[in-house]
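Before any comments, here is the structure.
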Amino acid sequence: MRRLALAAVMLLGACSAGPAPSEVVPRSAVAPQPANASTVSAAPSSAANPPPSCDATASLRPGPLPAAGQMPPGSTMAKIAQRGRLIAGVDQNSYLMGFRNSFSGEIEGFDVDVARQIAKAVFGDEKKVQFKVVTAAERIPMLQSGAVDVVVRTMTITCDRLKDVDFSQVYYQAGQRVLVRRNSGITGVESLADKRVCVASGSTSLGNVVNRVKTTVSVPNWTDCLVMLQQGQTDAISTDDTILAGLAAQDPYTEVVGSRFTDESYGVGVPKGQEDLVRFVNGVLERMRTDGTWGGIYRRWLTPLGPAPTPPVARYRD
Ligand code: GLU
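Numbers -19 to -1, 1 to 299, taken from mature numbering (1 follows the signal peptide of the UniProt record, and there is no 0), label the letters of the sequence shown in order.
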């Protein structure tokens, strides 16, 4: 009888233990990598060859902005108006710049608000915009195929990119820095020579670090880099301070270190051959600068980067 009771207790104990708790894997163990992660050993051709030289940030002067709802007949804007919505390529992975609000499911952020202002100028309604999520590497192909009217996605204006697409005037001045785990001892780009660094493929960030670090790992999205940093698969992430501020806000165990070591002048990407749309977007950006909209959007999203600076000064080549 006693033996039976003991057996019952043991059985009960075994049942209540339930399935074995999943093991806590030491960080040094090999963790799965994000899809399409690869190790880049040399600078991409655009960074290895001397880049074409041009006055990259000088755009086309805007004329007077047509009133919303009255786009000039035959213009690119009239075609967008006829369709009933602007199609804008944006990010959904960069908190603060272009990200998905997980409460509402909406795409939000600084770049997203800039895209909404363009829609508002065409339609008088900032909601008449369809967002297409694009990775860094997809920006130029999406513009070239006409899948999007504009790209507003932390896109640096470069002479290399100007061979394939056009750009508005500069609407934001960013610069590349470094994000690390707080206890890393890394103080900036100069401490990365023997380190493993994560970047997004198709970004200028990749070419800016590949020759200054031991190993460069490239992934589709910056949030893939954050997971790799958290899992100890890389020592640092290096990209624009805007994107890093968003990643740091999502993980208090990380910090942005060192000063800016590049200039990343953001422009709205426009397909080649649509001068009228470039001038129109520049008119919208001018208006946003002068009527306080730019400052309002900055304060809405980017105060983690400090108080609102004066917006970039427009430069034109004609
Ligand atoms: N501004 C850089 C670029 O245009 C990095 C931005 C990004 O990868 O989203 O490539």
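We put the CB at the ideal spot given by N, CA and C, even for glycine.
Check                                                                                                                        : Outcome
Beta-carbon contacts of Ala37 that lie in its chain and below 7 Å, excluding the five residues immediately before and after  : Ile138, Thr139, Cys140, Leu143
Contact shell at 7 Å, judged by CB to any heavy atom of the ligand GLU, ordered along the chain                              : Asp72, Ser75, Ala117, Arg134, Thr135, Met136, Thr137, Ala155, Ala181, Gly183, Ser184, Thr185, Ser186, Trp203, Thr220, Asp221, Ile224, Glu245, Tyr247
Buried/exposed call for Gly166, threshold 16 Cβ in 10 Å                                                                      : exposed
Opening and closing residue of the beta strand (DSSP E) in which Gly250 lies                                                 : 245 to 252
Beta carbon of Gly70 nearer than 7 Å to that of Val93                                                                        : no
Spatial distance of Lys253 from Val132 (CA atoms)                                                                            : 12 Å
As assigned by DSSP and simplified to three states, the class of residue 302                                                 : Residue coverage of the chain in this structure runs from -19 to 299, which leaves residue 302 outside it and unanswerable.
is_contact[Gln14, chain C] using C-beta, thresh 7 Å                                                                          : Absent from the structure: chain C. Only one protein chain is present.
Environment of Thr185 [buried if 16+ CB atoms lie within 10 Å]                                                               : buried
Contiguous beta strand (DSSP E) assignments of at least 3 residues, all confined to the region 180 to 261                    : 196 to 200, 217 to 221, 235 to 238, 245 to 252
Phe112 to Asp147 span [Cα, whole Å]                                                                                          : 20 Å
Continuous alpha helix (DSSP H) stretch holding Gln98: start and end                                                         : 91 to 104
Spatial distance of Ala295 from Leu41 (CA atoms)                                                                             : 10 Å
Exposure label - Ala48; buried when at least 16 CB within 10 Å                                                               : exposed
At least three beta-carbon pairs within less than 8 Å, the region 50 to 67 to the region 202 to 209                          : no
Chain-order list of residues whose beta-carbon lies under 7 Å from that of Ala234 (same chain, five-residue window excluded) : Looking at the sequence provided, one finds Tyr at residue 234 rather than Ala. The answer, listed in chain order, is Arg162, Arg163.
Cut-off 6 Å between Cβ atoms - residues of its own chain near Gln211, not counting five sequence neighbours on either side   : none
Span of the beta strand (DSSP E), counted from its first residue to its last, around residue 303                             : Since the first residue shown for the chain is -19 and the last is 299, residue 303 is missing from the structure and cannot be characterised.
Euclidean distance between Cα positions of Tyr153 and Tyr297                                                                 : 16 Å
Spatially closest choice to Arg64 from Met52, Thr291, Ser75, Val114, by CA coordinates                                       : Met52
N- and C-terminal bounds of the alpha helix (DSSP H) containing Arg280                                                       : 274 to 282
Cβ-based burial, Arg120 [other Cβ within 10 Å; buried from 16]                                                               : buried
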